[in-house]
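Note sheet for the following structure.
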Amino acid sequence: MKLSARNVLKGTVVEVTKGATTAHVKLDVGGTIVTASVTNAAVDELKLETGQQAYAVIKASDVMVGVD
1 MKLSARNVLK GTVVEVTKGA TTAHVKLDVG GTIVTASVTN AAVDELKLET
51 GQQAYAVIKA SDVMVGVD
């Protein structure tokens, strides 16, 4: 995965909570929990689940999640 964002934090998914259209994904990054708001479709497309390694990609004020 190559991105232009400089702040890429590797972590482990500890919780995925889906709402009506948006999900909250919590990543454990070195003992710190980082929470991202993403669409339910993104959770499905990335196949995000608890225990999976993923990345918090931080650019400006947004946090995205990426996987290999």
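By the UniProt record's numbering, the letter at position 12 of the sequence shown is numbered 12, and the numbering carries on one by one without gaps.
Positions of the beta carbon are idealized from the N, C-alpha and C atoms, including for glycine.
These numbers come from a predicted model, not from an experiment.
Next item on the list: Could you please give the first and the last residue of the uninterrupted beta strand (DSSP E) stretch that includes A42?
Entry: Per DSSP, A42 belongs to no beta strand (DSSP E); it is in the alpha helix (DSSP H), N40 to L46.
Checklist line | CA nearest to the CA of V29, picked from T50, V13, N40 and M1 | finding: V13
Margin query: Taking 7 Å as the limit between beta carbons, can you name the residues of its chain near V16, skipping five residues before and five after?
Written below: A23, V25, V43, L48, E49 and T50
Note to self: Along the chain, where does the beta strand (DSSP E) containing A54 start, and where does it finish?
What the structure shows: Q53 to K59
Note to self: Relative to the C-alpha of N40, which candidate in V57, L27, K10 and T21 has its C-alpha closest?
What the structure shows: T21
Notebook entry, point to check: Are there 16 or more other CB atoms within 10 angstroms of the CB of A60, so buried, or fewer, so exposed?
Noted result: exposed
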